[in-house]
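Notes to accompany the following structure.
In my numbering, the protein residues as written are 20 to 461.
This is the structure:
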């Protein structure tokens with residue numbers, strides 16, 4: 020039994036094929052983001068702004084350990100997409116076991132490091148004293164489920180890379196519903212620890228479900244140590260390390276922002292965090308569409324259909340611009356209403372609404388940059404992808420460090436106004452430069 024391919028990416032009308040493949044991925048990622056939003060809403064409304072800020076700071080520290088898993092997920096997704104059209108089940112099984120092994124080892128290492136360094140890291144990002152113990156408790160409970168989370172997320176990405184996007188949607192839906200139900204049961208009596216425990220338990224369930232599916236599809240026989248091959252490890256590192264570096268750099272800018280927020284107070288932290296969750300939720304369809312485009316490009320280039328891959332880019336651009344216009348309108352006109360879903364603290368609402376209503380004007384530029392970077396990833400031009408992303412993060416970080424101390428809270432969105440157009444220009448140059456060379460697939 021092989022990985023189901025309910026949507027063939029290699030034939031049929033490009034727009035319809037891309038939309039059918041992307042729709043379940045979009046729903047999966049939106050659903051995933053919904054339960055993180057639900058976490059914040061339940062904590063903010065059932066507890067208080069201090070608890071919401073504690074979860075925000077704890078999550079910032081956790082991101083320092085999640086970036087390794089995120090890079091492996093993206094690398095595994097691209098490897099599966101590039102190898103699925105031309106590899107038999109035995110070869111896919113070896114690839115899957117190799118990347119699962121690497122991912123599990125990374126997850127265990129990150130868990131140990133996180134438990135050991137949690138207090139120091141919270142101090143490093145200048146977590147206010149009144150929320151530090153809550154942030155540490157949230158982070159430590161969450162970390163206990165980290166190895167299961169890494170395997171669960173990687174398994175979904177491998178299945179998506181094979182061309183099957185509906186099964187991961189079912190898995191995410193079930194785990195999200197479970198997470199929200201556990202939140203409602205645990206947050207009241209256990210506080211922020213209940214929110215972390217709810218997430219950890221739901222990820223354990225999701226991990227068991229996805230590994231069982233892989234055992235029936237991609238995996239041919241039980242795991243044996245001799246299956247671990249240096250060639251696959253090198254290939255995993257070639258595609259995963261740039262993504263890991265990109266993920267870690269993205270985490271670095273989050274840490275910088277969080278450290279700059281500390282002196283502004285708990286209300287600023289709570290408002291900033293809530294605005295970030297809203298924007299992530301609204302932009303999740305963009306990230307999902309770009310992930311689908313990467314798989315579409317990689318599979319079509321693997322069989323020599325270069326023109327079809329580029330047509331996919333054009334269709335994705337049309338969809339992207341239409342959706343982005345809708346998101347900008349929602350954020351510009353309804354920011355205070357959206358923030359009111361997370362907290363009753365009027366000061367936190369004021370901070371969050373200010374950020375959301377101002378930063379949204381940069382979304383068209385930012386999303387077009389994501390499109391160019393998806394093109395680079397689909398071509399496996401990981402050096403150019405990493406250059407684009409790292410330069411954008413460097414500009415964003417420099418903007419925050421220069422502007423926030425001088426302008427206060429508005430410095431956050433002014434930094435984005437400066438970095439977004441420069442980031443788009445750079446990614447466009449990298450995607451189009453020496454374009455003829457991109458027609459030779461390696």
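Even glycine gets a Cβ: it sits at the ideal position worked out from N, Cα and C.
In the DSSP assignment, residue 284 falls outside any alpha helix (DSSP H) and carries neither an H nor an E. Straight across, the Cα-Cα distance linking residue 89 with residue 263 is about 7 angstroms. Here residue 141 has 76, 77, 80, 151, 154, 155 and 158 as same chain residues with Cβ atoms under 8 angstroms from its own Cβ, once five neighbours each way along the sequence are excluded. Judged by DSSP secondary structure, residue 84 falls within the alpha helix (DSSP H) whose first and last residues are 68-102.
Rounded to the nearest angstrom, the Cβ distance from residue 210 to residue 317 is 44 angstroms, too far for a contact under 8 angstroms. With distances taken between CA atoms, residue 300 lies nearest to 52 out of 399, 256, 52 and 46. The DSSP-derived three-state label of residue 27 is coil. With 16 or more other Cβ atoms inside 10 Å of its own Cβ, residue 225 counts as buried.
When DSSP assignments are scanned along the stretch 34-61, no uninterrupted stretch of beta strand (DSSP E) that is 3 or more residues long falls wholly within it. Remark: fewer than three beta-carbon pairs, one from each stretch, lie closer than 8 angstroms, so the stretch 55-62 and the stretch 335-352 are not flagged as touching. Ranked by how close their Cα comes to the Cα of residue 221, the residues 176, 245 and 171 have 171 in first place. Secondary structure within the stretch 275-346: the alpha helix (DSSP H) runs of 4 or more consecutive residues, fully enclosed, are 285-321 (chain order).
In this structure, DSSP gives residue 433 a helical state, which the three-state scheme calls helix. Contact check for residue 44 against residue 278 fails: the beta carbons are separated by 8 angstroms or more.
Three or more pairs of CB atoms, one per stretch, sit closer than 8 angstroms, so the stretch 284-293 contacts the stretch 358-368.
From the listed residues 223, 109, 332 and 119, the smallest Cα separation to residue 396 is found for 332. In the DSSP assignment, residue 164 falls outside any alpha helix (DSSP H), carrying neither H nor E.
Distance between residue 138 and residue 166, taken at the CA atoms: about 21 angstroms.
Straight-line measurement puts the Cα of residue 149 at about 39 angstroms from the Cα of residue 441.
Annotated three-state conformation of residue 366 is helix, per DSSP. A distance of 8 angstroms or more separates the beta carbons of residue 407 and residue 374. Between residue 370 and residue 434, the C-beta gap is not smaller than 8 angstroms, which leaves the two residues out of contact. Within the stretch 140-213, the runs of alpha helix (DSSP H) that reach at least 4 residues and sit entirely inside it are, in chain order, 148-162, 165-180 and 185-209. When DSSP assignments are scanned along the stretch 215-257, no uninterrupted stretch of beta strand (DSSP E) that is 3 or more residues long falls wholly within it.
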